[in-house]
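In terms of the numbering used here, the sequence shown opens at residue 313 and continues consecutively.
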Amino acid sequence: MSRSIIATDNAPSAIGPYSQAVRAGQTVYLSGQIPLDPASGVMVQGDITVQARRVFENLKAVCEAAGGSLSDLVRVGIYMTDLAHFAAVNAVMESYFEQPYPSRATVQVAALPKGSQIEVDGILVLE
């Protein structure tokens, strides 16, 4: 099976040796997004709600570059440095998705790149 690289200027460039997303067949694997502003490459300032919105906007841009949308995500992985923010992140996620929601795992981690409080990755399946 061939694979193709998905890239867009509407989401932050990769900050390491990886792609924003990789398509294999009808499945697109989205790398984790942290709350970087795509234009400046700088972390957005604000609380977890502000950071989560930026992350989902970045994921949305990568989904669109792949020819899909957030509604095509079948799995989401959320990594947070403090699970006390679980309810706030849920509220933000709910504003970006409708039922049926994708499957999801949420885990607390010790640290994330650039001091981010949240990182989200996903798996997208295209029609």
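Glycine included, C-beta positions come from ideal geometry on N, C-alpha and C.
Rounded separation between residue i and residue j - CA only
{"i": "I360", "j": "V401", "result": "7 Å"}
{"i": "G337", "j": "R416", "result": "22 Å"}
{"i": "N322", "j": "A378", "result": "12 Å"}
{"i": "Y408", "j": "S314", "result": "31 Å"}
{"i": "E406", "j": "L385", "result": "14 Å"}
{"i": "S428", "j": "P414", "result": "23 Å"}
{"i": "A364", "j": "K372", "result": "12 Å"}
Proximity below 9 Å, CB of residue i to CB of residue j
{"i": "A302", "j": "L342", "result": "Residue 302 cannot be examined here, being either before or after the span of the chain that is shown, 313 to 439."}
{"i": "I346", "j": "H397", "result": "no"}
{"i": "N356", "j": "I390", "result": "In the sequence as presented, Asn is not what sits at residue 356; that position holds Val. Not a contact, by the Cβ cut-off of 9 Å."}
{"i": "V404", "j": "G434", "result": "no"}
{"i": "V367", "j": "T320", "result": "no"}
Sequence-distant residues of the same chain with beta carbon closer than 8 Å to residue i, five excluded per side
{"i": "Y330", "result": "S343"}
{"i": "V362", "result": "P347 and V356"}
Close beta carbons around residue i, own chain, < 6 Å, minus the five adjacent residues each side
{"i": "G380", "result": "L436 and L438"}
Let me know the alpha helix (DSSP H) ranges lying completely inside the segment 362 to 412, each 4 residues or longer, listed in chain order.
List check, alpha helix (DSSP H) in window: 398 to 408.
Quick one: complete beta strand (DSSP E) runs, 3+ long, within the segment 316 to 356?
333 to 336 and 339 to 345
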